[in-house]
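The block underneath contains the structure these notes are about, expressed in structure tokens.
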Amino acid sequence: MRGVNELTLEQIYQEIAKIVTEFSLYECDDCARAIMQWLSENGIQGKIIKLKTKYDEDFILSDRMESQGITQSI
300 MRGVNELTLE
310 QIYQEIAKIV
320 TEFSLYECDD
330 CARAIMQWLS
340 ENGIQGKIIK
350 LKTKYDEDFI
360 LSDRMESQGI
370 TQSI
């Protein structure tokens with residue numbers, strides 16, 4: 300088991316990205332649990348948060364990928 304001090308932030312992000320690609324849309328709970336398990340196994344503290352929108356929408360849009368030319372939403 301590697302500790303948090305042995306992994307760079309970039310390595311942590313890469314490992315989490317690998318986990319995320321294993322899940323489809325609407326599998327957020329399972330994905331979050333898998334990420335938390337990986338974090339725990341690597342001695343990294345994590346937290347699951349629940350997002351609630353003002354008008355109780357069923358989706359959240361992000362604009363963080365626009366800089367890479369990705370502008371379509373799902």
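300 is the number of the first residue of the sequence shown in the working numbering; add one for each residue after it.
The C-beta atom is built at its ideal place from N, Cα and C for all residues, glycine as well.
- Item | Contact between the segment 349-358 and the segment 314-329 (3+ Cβ pairs under 8 Å) | They do not touch, by the three-pair rule.
- Just reading off the alpha helix (DSSP H) that Leu324 is part of, what are its end residues? Counted as a single uninterrupted DSSP element, the stretch harbouring Leu324 is not any alpha helix (DSSP H), since DSSP gives it neither H nor E.
- Message: Between the alpha carbons of Asp309 and Lys351, how many angstroms are there, rounded?
- Response: Note that residue 309 is Glu in the sequence shown, not Asp. Rounded to whole angstroms, Glu309 to Lys351 spans 29 Å at the Cα level.
- Item | Same chain, Cβ closer than 8 Å to Ala333, neighbours up to 5 away in sequence not counted | Ile318, Glu321 and Phe322
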